[in-house]
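Student: Take this structure, written in structure tokens, and hold onto it; I'll ask about it next.
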Amino acid sequence: MSLKKYQNELIVLTALFLMVVAFFYKSAQVTLGAKQATQMQQSVNEFKEIVALKRVWADKKISKKIDKLQQLIPASKVKWSKKGKKLTATYQGLSANELNKLTTKIMNLAVQIQLLEIQKSGASYHVEFKCKW
Amino acid sequence: MNFMGSNKELLLVHAGMQRQFLSHDVNVMLTPQYYTLKREELPVKYLYQAKKIAPSLFDGLLEEVGEYDYMVYKEKGKWVFIAYNPGQIRSLLLSKGIKPEQVSKIFFAQQAVDAFESPVLLKDEKALVAIDDTVAVVPQSALNEEIKPIAFTGSFTPKSGVTLQGSYGSLLSMGQAIALACVFLLFAGMFFMEGSRYVKGSLATQEEMQGLLEAYPSLQSKMQRESIAEKYMTIDTAQRKKREIIKSLSGLIFKGATLSTLLVNEKGFKATFNCSDKKVLKRLEQLAKKENLTKVKATGNNVVIEGTL
Numbered sequence: 001m002s003l004k005k006y007q008n009e010l011i012v013l014t015a016l017f018l019m020v021v022a023f024f025y026k027s028a029q030v031t032l033g034a035k036q037a038t039q040m041q042q043s044v045n046e047f048k049e050i051v052a053l054k055r056v057w058a059d060k061k062i063s064k065k066i067d068k069l070q071q072l073i074p075a076s077k078v079k080w081s082k083k084g085k086k087l088t089a090t091y092q093g094l095s096a097n098e099l100n101k102l103t104t105k106i107m108n109l110a111v112q113i114q115l116l117e118i119q120k121s122g123a124s125y126h127v128e129f130k131c132k133w
Numbered sequence: 134m135n136f137m138g139s140n141k142e143l144l145l146v147h148a149g150m151q152r153q154f155l156s157h158d159v160n161v162m163l164t165p166q167y168y169t170l171k172r173e174e175l176p177v178k179y180l181y182q183a184k185k186i187a188p189s190l191f192d193g194l195l196e197e198v199g200e201y202d203y204m205v206y207k208e209k210g211k212w213v214f215i216a217y218n219p220g221q222i223r224s225l226l227l228s229k230g231i232k233p234e235q236v237s238k239i240f241f242a243q244q245a246v247d248a249f250e251s252p253v254l255l256k257d258e259k260a261l262v263a264i265d266d267t268v269a270v271v272p273q274s275a276l277n278e279e280i281k282p283i284a285f286t287g288s289f290t291p292k293s294g295v296t297l298q299g300s301y302g303s304l305l306s307m308g309q310a311i312a313l314a315c316v317f318l319l320f321a322g323m324f325f326m327e328g329s330r331y332v333k334g335s336l337a338t339q340e341e342m343q344g345l346l347e348a349y350p351s352l353q354s355k356m357q358r359e360s361i362a363e364k365y366m367t368i369d370t371a372q373r374k375k376r377e378i379i380k381s382l383s384g385l386i387f388k389g390a391t392l393s394t395l396l397v398n399e400k401g402f403k404a405t406f407n408c409s410d411k412k413v414l415k416r417l418e419q420l421a422k423k424e425n426l427t428k429v430k431a432t433g434n435n436v437v438i439e440g441t442l
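First to last, the protein sequences are chains F and B. Per my numbering, the very first residue in the first sequence carries number 1; after that it's consecutive. Per my numbering, the very first residue in the second sequence carries number 134; after that it's consecutive.
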């Protein structure tokens, strides 16, 4: 069979084949592009999360912020021991209001709570708090 | 040097030609019976202009059977127009046993006028001769006996010829094929361009990542990032849980229910509530369940809630 007989059809088929190849190339690139974009976006989000976590849990100003736990309560009721990156604080004779203030403050500080012990004694409260950062 | 298929055998197709039995492709040259010739001196410069006016030159000269194509070229300062009927040529070739698809190029005897220095004898007592720069078929009896005829060889092959487009039983004409191919190639080009554009699509995110890496050089290593993420994730999860528990337990304090003790450490938690009566106790138990605190134990007026972290 001579191919020349079908040369016009061959021209069209070749062009059609190229078009189909190009279409599959485009489809593959779209899929690959979307996958890469998702992966990259995921990496960016993870990076941002790490940065945010580091900002929260490795806050360089946290040491100063912790001092507010001492200032919040009258000094006569507080026994304060801050060594390096660790704190042990004991509060005695706290009113319900003072206890509320103290626990709210503790909750909002980005420190690692090691111990929080509250004991009611009559109308007052005894608190022992240990944390590190 | 001729690149137009001169290496193929050249057959002189004429009325008296015997039937051929071919197993290979050939070039053919047609004698003047199968084309109409006009030589004109026209004020046109370009070939495409000459081709445009070719049909009008043959008005009334051609048989009104089938469609004609035209070959135009310049020879000794004059435009040479050759009109031929592809359908008729196809029939002629078939009648001589030559399948149109076996024909690579078709040439016209007039194109090789310079090669006809002497007559070329044909089988049916006729001969091809060049008279006044025109190749014509004449009876052999009219030839001068002193002039020796020459053999028809491949050296008669002109530089350019024509092909019988669309006359092999092809479904598409060359024009249609080219038009369709152009459309497909256009789409192919569009798809390729679109495809390559998608690769560049994530450039914005890449730039964002680059910006972050520059801002935090200590996090450039992936291993370091993973290590830091693991460290702080663990801290974050544990500390958030502790705070959630404290928040849940503080939500259990209401009129009649007071917190007696609370212990939260690294391992777990334990809280004791004192209730004023059974009704308060029951409500506290219900609230604890709502907060997903399942390990609830009531002893007298006291409720102990504990759990692990």
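Ideal Cβ placement from N, Cα and C applies to all residues, glycine included. Just so we're clear, the structure is a prediction, and the values are computed from it rather than from any experiment.
(1) Please list, in chain order, the chain F residues whose beta carbon lies closer than 8 Å to that of V397 (chain B).
(2) Which word fits Q343 (chain B), buried or exposed, when buried means at least 16 other C-beta atoms lie within 10 angstroms of its C-beta?
(3) Looking at L175 (chain B) and A187 (chain B), is the spacing between their C-beta atoms short of 8 Å?
(4) Where do the ends of the beta strand (DSSP E) carrying W80 (chain F) lie?
(5) Does the segment 218-237 of chain B touch the segment 161-179 of chain B, meaning 3 or more C-beta pairs lie closer than 8 Å?
(6) Can the beta-carbon of F402 (chain B) be found less than 8 Å from the beta-carbon of E439 (chain B)?
(7) For R373 (chain B), is the classification buried or exposed, using 16 other Cβ atoms within 10 angstroms of its Cβ as the cut-off for buried?
(8) Give the straight-line distance between the Cα atoms of L115 (chain F) and Q39 (chain F), rounded to the nearest whole angstrom.
(9) Should R223 (chain B) be flagged as near chain F, meaning a C-beta pair shorter than 8 Å?
(10) Among B:A312, B:S393 and B:M356, whose alpha-carbon lies nearest the alpha-carbon of L13 (chain F)?
(11) Spatial neighbours of A245 (chain B) within its chain, please: CB distance less than 6 Å, with the 5 preceding and 5 following residues excluded, ordered by chain position.
(12) Could you tell me if L319 (chain B) is buried or exposed, where buried requires 16 or more neighbouring beta carbons within 10 angstroms of its beta carbon?
(13) Just checking: is the beta-carbon of G33 (chain F) within a distance shorter than 8 Å of some beta-carbon in chain B?
(14) Using only the alpha-carbon positions, how far apart do K77 (chain F) and Y349 (chain B) sit?
(15) Just to make sure I have the definition right: I need the residues of chain B whose C-beta is within less than 7 Å of the C-beta of L16 (chain F). Which are they?
(16) How would you call I73 (chain F), buried or exposed, if buried means at least 16 neighbouring beta carbons within 10 angstroms?
(17) Tell me, please, which residues DSSP counts as bridged to I438 (chain B).
Tutor: In terms of the structure at hand:
(1) I113, L115, L116 and E117
(2) exposed
(3) no
(4) Following the DSSP letters along the chain, one finds W80 (chain F) inside the beta strand (DSSP E) bounded by residues V78 to K83.
(5) Output reads yes: the segment 218-237 of chain B touches the segment 161-179 of chain B.
(6) In this structure, E439 (chain B) lies closer than 8 Å to F402 (chain B) by Cβ.
(7) exposed
(8) 40 Å
(9) no
(10) B:A312
(11) F289 and P291
(12) exposed
(13) yes
(14) The alpha-carbon atoms of K77 (chain F) and Y349 (chain B) are separated by roughly 43 Å.
(15) F317
(16) Only buried fits I73 (chain F), as 16 or more other CB atoms lie within 10 angstroms of its CB.
(17) B:A404 and B:V429
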